[in-house]
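Student: Once you've had a glance at the structure underneath, I'll fire off some questions.
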Amino acid sequence: MINTIQAHVIGASRYKMDNGVQGAKISIMQAASAENENALGNQVSVMTAPYDIFDQLHAAAPHMPCAMELDIELRTSSAAAGGKTVLHVIAARKPNATGSQQQATASDKK
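Residues 124 to 233 in our numbering are what the sequence shown spells out, letter by letter.
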């Protein structure tokens, strides 16, 4: 299942190894949950992504850290690989201008 989230992207990197393995990592920052008494301030998370996502982020690079819309899916590795669940980014773009404009219009009416 694919979800779209608004995230504060603080950086990205990509890698290509000699054995053919390639990919990217996207770092985001979010405020710690007020309900979590064991965390304060901001939390940093790293998400996996395909190698080509890095190219989609070039347009936003001069503005980073910045808000972006990320299409993500949860991926779980096999038990042999540790059974870890990661957030995997499959698309990245600037926030939807229509949604931002609707929010601005709503706040102007107040």
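Just so it is clear, CB atoms sit at the ideal spot from N, CA and C, and this is done for glycine as well. Just so you know, these numbers come straight off a predicted model, no measurement behind them.
1) Which of helix, strand or coil does DSSP assign to D194?
2) Helix, strand or coil for A135 per DSSP?
3) Within a Cβ cutoff of 7 Å, which residues of the same chain sit near L180, ignoring the five residues on either side of it in sequence?
4) Beta-carbon within less than 6 Å of M152's beta-carbon, same chain only, minus the 5 sequence neighbours each way: which residues are those?
5) How would you call M140, buried or exposed, if buried means at least 16 neighbouring beta carbons within 10 angstroms?
Tutor: With the structure as the only source:
1) strand
2) strand
3) A135 and A215
4) H131, I133, N165 and V167
5) exposed
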